[in-house]
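The working numbering numbers the first residue of the sequence shown as -17 and each following residue consecutively. Every residue, glycine too, gets a C-beta built ideally from N, C-alpha and C. Reading through the structure tokens given below for one structure.
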Amino acid sequence: MLAVALTSIIGLASPASASDEYRCTGYQHKEFPTSGFNTDITISVCVWRNFSGKVRASASFSWQDGGSDKFNKLMLSTRLEKRDVMKQGAVCNYKSMVNSRDGGGGYTCWTPWISVPAGGITGDAGLLYDLADDGKGDFLWNLHGSASI
């Protein structure tokens, strides 16, 4: 009974989080034809509004079967957009991390918090990559954007 009472009190102790709002895509996966085992990358794109009304976008990043210097370039671009017009952006370079480790997760590329008038605000992202030793140059994986807030 005490545990139930404490859970109720603790649940009421954080009203700010109850005001936060976010929309995320499902996990988007791509298998890259790299040397050795193919590298699998998974990304989810979100848009966030905090309790004070500021917004930002994020893209969470994870991978499997990396290592062995498989990429010449691997840059995740995260964008906060209002009706498909970019308002804020961030670029995170994951090349060194993926090239040096077999797998990892829990990495997020965030745009800074900003004030934008409400309505039609989404998160969007793209992954610019160049596979090592294929001689084909850069490619862009355009991810599906989040629903709007």
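Task: Close Cβ partners of N124 (< 7 Å) along its chain, the five nearest in sequence each way excluded - done: Its chain contains G108 as the residues whose beta carbon lies nearer than 7 Å to that of N124, once the 5 sequence neighbours on both sides are disregarded; these appear in chain order.
Task: Proximity of R61 and I131 at Cβ, strictly below 8 Å - done: For the pair R61 and I131, the CB atoms are not nearer than the 8 Å cut-off.
TODO: Out of K118, K12, I96, state which residue places its alpha-carbon closest to the alpha-carbon of K64.
DONE: Nearest option by C-alpha distance: I96.
TODO: Determine, using beta-carbon pairs with one atom in the segment 82 to 95 and one in the segment 35 to 52, whether at least three such pairs fall under 8 Å.
DONE: Result yes; three or more Cβ-Cβ pairs closer than 8 Å.
Open item on the list: Could you check whether N54 and D112 sit closer than 8 Å to each other, using their CB atoms as the reference points?
Closed with: Yes, they are a contact pair.
- [ ] Please say whether Y9 and C28 have beta carbons closer to each other than 8 Å?
- [x] C28 is not a Cβ neighbour of Y9, given a cutoff of 8 Å.
Task: Runs of beta strand (DSSP E) lying entirely within the segment 47 to 91, each at least 3 residues, in chain order - done: Whole beta strand (DSSP E) segments, 3+ residues: 53 to 64, 67 to 75.
- [ ] Give the secondary structure of G108 by DSSP, where H, G and I count as helix, E and B as strand, and everything else as coil.
- [x] Strand, per DSSP.
- [ ] Taking S50 as the reference, give the member of C6, S17, K12 with the closest Cα.
- [x] Residue S17 is the option with its Cα nearest to S50.
Open item on the list: Out of T90, S78, R38, which one is the CA nearest neighbour of Q70?
Closed with: Looking only at T90, S78, R38, the smallest Cα-Cα distance to Q70 is reached by R38.
- [ ] Would you mind sorting V(-14) into buried or exposed? The rule is 16 or more other CB atoms within 10 Å of its CB.
- [x] At V(-14) the pLDDT is 37, less than 50, meaning the model places this residue with poor confidence; the figure from the coordinates comes in the next sentence. Exposed, because fewer than 16 other Cβ atoms sit within 10 Å of the Cβ of V(-14).
- [ ] With DSSP as the reference, please indicate the residues paired to Y9 in a beta bridge.
- [x] Note: Y9 sits in no beta bridge, so no partner.
- [ ] Quick one: grab the DSSP three-state call for T16.
- [x] Secondary structure of T16 (DSSP, three-state): coil.
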